[in-house]
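All residue numbers for the sequence shown refer to the UniProt record's numbering, where the first residue is 1 and numbers rise by one. Positions of the beta carbon are idealized from the N, C-alpha and C atoms, including for glycine. Being a predicted model, the structure only gives us computed values, none of them experimental.
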Amino acid sequence: MAKYSTELKEDVVAQVQAGASAAAVSRSSGVLPRTILKWVASAKQGKSLEPARPGPKTLLPPEAESHIYDWMVGRQLTGFPADRRQILRKAKEVALLVCAQNVWDGWYRCFLERHPTLAKRSAQSLSLKCNNVTSDDLATLFNTLGNLVVERNLDSSRVINMDETAYQTKKK
């Protein structure tokens with residue numbers, strides 16, 4: 001998060017451009033004079049005072065990276081998550097089309113850092129039988145379990161709670 005808001009930067013720059021000294025504005029705003037002078041110089045050059053991501057510009061434009069991100073999420077939702085090799089191949093195709101350059105080895109790592117919701121882990125494969133469970137199958141299972149609990153007079157100490165919310169699947 002930025003230390004100074006864009007509104008504060010614009011206000012400080014406007015005061016200095018109106019004729020106030022950087023030292024006087026510094027005392028009233030709490031911003032260092034050299035920082036104020038840097039902002040004024042940037043404003044004179046027509047640069048934005050908005051906070052920017054540090055480091056070099058990304059190879060692909062944000063729209064292209066957004067499309068690759070959407071493609072990866074779509075693959076995950078359909079049960080066929082893309083691995084590193086497939087993602088790099090797709091990124092190379094997009095990079096050659098968009099900017100006529102190739103992605104480098106560190107692009108994948110940087111891409112994952114820019115999109116922290118994505119994960120490197122791969123889902124485990126399921127057999128065809130496990131992957132084709134229907135709601136009717138689940139209803140039959142629970143009815144059978146309920147009947148067995150009643151028939152055998154089982155108490156609550158025999159019930160095991162198994163949480164599989166983090167169990168990711170991958171179709172073969």
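Own chain residues within Cβ distance below 8 Å of residue i, not counting five before or after
i	result
I68	L60, I87, K90, A91, V94 and F111
L96	N102
T58	E65, C110 and R114
Whole-number beta carbon distance between residue j and residue i, since they are thought to touch under 8 Å
i	j	result
V12	I36	5 Å
E50	T6	6 Å
V25	Y4	That pair is no contact at about 13 Å.
residue 176	A64	Residue 176 cannot be examined here, being either before or after the span of the chain that is shown, 1 to 172.
Residue i, buried or exposed, once every other Cβ within 10 Å from all chains shown has been counted against 16
i	result
L81	One point to set straight first is that residue 81 is Pro, not Leu, in the sequence displayed. By the 10 Å Cβ count, P81 comes out buried.
A22	buried
V150	exposed
K9	buried
Contact set for residue i: own chain, Cβ-Cβ below 6 Å, skip 5 residues either direction
i	result
S156	none
S66	none
S29	V12
M1	Model confidence at M1 stands at a pLDDT of 49, short of 50, so the residue's coordinates are unreliable; what they give is reported in the following sentence. Taken in chain order, the list of residues that qualify is empty.
Other residues of its chain near residue i: CB distance less than 7 Å, five sequence neighbours each side excluded
i	result
P33	A22, A23 and S26
- Message: Using 8 Å as the cut-off, can you tell me whether the segment 40-48 makes contact with the segment 7-19, which would need three or more C-beta pairs spanning the two stretches below that distance?
- Response: Contact between the segment 40-48 and the segment 7-19 is present, with at least three C-beta pairs closer than 8 Å.
- Query: Going along the chain, which unbroken runs of the alpha helix (DSSP H) with 4 or more residues stay wholly within the UniProt domain "HTH CENPB-type" (52-121)?
  - Reply: For the UniProt domain "HTH CENPB-type" (52-121), whole alpha helix (DSSP H) runs of length 4 or above, ordered along the chain, are 62-77, 84-99 and 107-114.
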